[in-house]
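Residue numbers (our numbering): 1 to 390. So the structure is just underneath, and the comments pick up after that.
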C-alpha cells in the first residue's frame with residue numbers, strides 16, 4: 001500500500017512508452033509505477049493515469065464527429081458514429097475517473113506533473129479530450145436528444161476552453177521564464193497546449209446555432225474568432241520552432257516518433273475552424289463583409305492544407321523510418337489519431353464551403369484511415385489497461 005510520507009525531493013517525471021509517468025532511466029515493468037517520494041509498489045496501469053492518457057479521449061471523440069459528417073450521404077454511418085460516441089464516452093469516463101483517483105491518492109505526484117516541463121503539455125490533451133467529446137455529443141446525439149446534447153456540449157466546451165486557454169498561455173511562459181534551457185530543444189509535443197483554443201473555436205462556432213440569433217450568436221462567434229487568433233499565433237511559432245529544430249539534424253526518440261504528427265493538427269483544425277466560422281457568420285455580418293470573409297477563408301484554407309500536406313509527408317517519412325528501426329506500440333501512438341481526424345474535419349469543411357466533391361472524398365478517405373488507427377489503438381490500449389502488457 002502507498003505510504004503517506006512526504007516527498008523528500010522533487011522528482012522530474014517523464015512519460016514512458018507504455019504511458020506511465022516515471023523518473024527518467026527507470027526500466028519499464030509489467031504493472032509497477034513510481035511515487036513522487038521515490039518509493040514503488042505494484043499496481044495496475046489503470047491506477048496511475050496521467051494527462052497523456054487523454055490523447056485516447058481525443059482520438060475517439062474526433063472519430064465520432066468525423067464519421068457523423070458523412071451520414072448525409074451514407075445514412076447508415078450514423079450507427080457507426082453512435083457506436084464511436086459511446087466508445088468515446090466510455091474512454092472519457094475511464095480516463096477521467098482514473099486521472100482524478102490518481103490525483104487524489106497521490107497529490108504530490110499530481111503536482112509534480114503540473115510542474116514538469118515534459119508532462120505539463122499533456123494537459124492540453126486533457127482540454128482537447130473534453131472539447132472533442134463535447135463536440136461529438138452535439139454532432140451525433142443532437143438529432144435524438146437536442147436539448148440534452150446541446151447542454152452537455154456547452155458544459156464540456158466551457159470546461160475545455162478554460163483549461164485550453166490556460167495551457168496555451170502558461171506553457172510559453174513556463175518555457176521562457178521557468179525552464180529557459182528547454183527553449184533550445186523545441187519538440188512537436190509543444191503543440192499540445194496551444195491547439196486547444198483552435199478546437200474550442202471550431203466547436204463554439206457550431207454551438208453558436210443553439211443560442212438566440214443576433215447579439216448572443218455574434219458574441220459567441222467573436223469569442224471563437226479570438227480563440228482562433230490565439231491558437232494560430234502560438235501554433236505558427238511552435239510549428240516553425242519544432243520543425244526547424246528537426247531540420248537542423250535533431251531527431252525524436254524512437255518511441256516518441258508519433259509526436260511528429262501533433263503539429264499536423266494545427267493545419268487541419270485551423271482549416272475546420274475557419275470554415276465553421278464562415279458557415280455561421282452569415283447571420284451576424286453584412287453580405288459584403290461575409291463575401292470578403294469567404295475569400296479570406298478560401299485562400300487561408302488552400303494555403304494551410306498545402307502546408308498540412310507537406311507536414312503529413314514529413315510525418316509519414318519519420319514514422320516509416322521509426323517502424324523500420326523497431327518502434328513498437330505505445331500510448332504515444334494515439335498521437336497518430338487526432339491530427340488525422342482534424343485533417344478529415346478540415347477537408348470536409350473546406351469541401352462543403354467550395355461544394356467540391358473531391359475534397360469530400362479526400363475527407364472520407366482520411367476518415368477511413370482514422371477509423372483503422374483508432375480501432376488498433378483501442379484494442380492495444382485496452383489490453384494494457386487490463387493486463388499491464390502492451
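Idealized CB from N, CA, C, for every residue including glycine. Note that the structure is a prediction, hence the values are computed from the model and not measured.
- Counting C-beta pairs closer than 8 Å gives three or more between the stretch 200-211 and the stretch 154-170, which meets the contact rule.
- By the Cβ neighbour-count rule, residue 173 is exposed, with fewer than 16 other Cβ atoms within 10 Å of its own.
- Three or more beta-carbon pairs separated by less than 8 Å are not found between the stretch 164-172 and the stretch 86-102, which leaves the two stretches without contact.
- By the Cβ-count criterion, residue 142 is buried, with 16 or more other Cβ atoms from all chains shown falling within 10 Å of its own Cβ.
- By alpha-carbon distance to residue 198, the top candidate from 216, 125 and 117 is 125.
- The beta carbons of residue 267 and residue 307 sit closer together than 8 Å.
- With a contact defined as Cβ atoms closer than 8 Å, residue 367 and residue 70 qualify at about 7 Å.
- Non-local beta-carbon contacts of residue 380 in its own chain, meaning distances under 6 Å to residues more than five positions away in sequence, involve 329 in chain order.
- The beta carbons of residue 56 and residue 91 sit closer together than 8 Å.
- For residue 259, there is no enclosing alpha helix (DSSP H), since its DSSP letter is neither H nor E.
- In the three-state reduction of the DSSP assignment, residue 143 falls in the coil class.
- The alpha-carbon of residue 318 is positioned some 11 Å away from that of residue 327.
- Listed in chain order, the alpha helix (DSSP H) runs fully inside the stretch 156-242 are 196-207, counting runs of at least 4 residues.
- About 4 Å separates the Cβ atoms of residue 193 and residue 167, confirming a contact at the 8 Å cut-off.
- Residue nearest to residue 322 within the set 253, 81, 78 and 231 is 253 (criterion: CA-CA distance).
- For residue 63, the CB contacts under 7 Å within the same chain, skipping 5 residues up- and downstream, are 84, 341, 370, 371 and 374 in chain order.
- By the beta-carbon neighbour count (other beta carbons within 10 angstroms, threshold 16), residue 60 is buried.
- Residue 365 sits exposed, since fewer than 16 C-beta atoms from the chains shown fall within 10 Å of its C-beta.
- Take the alpha-carbon of residue 275 and the one of residue 297: they are about 7 Å apart.
- Only exposed fits residue 355, as fewer than 16 other CB atoms lie within 10 angstroms of its CB.
- Residue state for residue 282 is assigned as coil, using DSSP reduced to three classes.
- If you ignore the 5 residues before and after residue 346, its C-beta comes within less than 6 Å of the C-beta of 268, 271 and 272, all in its own chain and listed in chain order.
- Only buried fits residue 335, as 16 or more other CB atoms lie within 10 angstroms of its CB.
- Residue burial annotation: residue 134 is buried, with at least 16 other C-beta atoms found within 10 angstroms of its C-beta.
- Residue 74 carries a coil assignment under DSSP once its states are collapsed to helix, strand and coil.
- Pairing residue 140 with residue 82 gives a Cβ-Cβ distance under 8 Å.
- The residue from 357, 76, 145 and 263 with its alpha-carbon nearest to that of residue 316 is 263.
- Beyond the five residues adjoining it in sequence on each side, residue 343 comes within less than 6 Å, by CB distance, of 268 and 366 in the same chain, given in chain order.
- Residue 277 sits in a helix when the DSSP states are folded into three classes.
- Here residue 195 is buried, its C-beta having at least 16 other C-beta atoms within 10 Å.
- Look at residue 129 here: in three-state DSSP terms it is helix.
- The residue among 239, 241 and 203 with its C-alpha nearest the C-alpha of residue 223 is 203.
- In the three-state scheme derived from DSSP, where H, G and I count as helix and E and B as strand, residue 327 is classed as coil.
- In the structure shown, the three-state DSSP call for residue 69 is coil.
- Counted as a single uninterrupted DSSP element, the alpha helix (DSSP H) harbouring residue 368 occupies residues 357-387.
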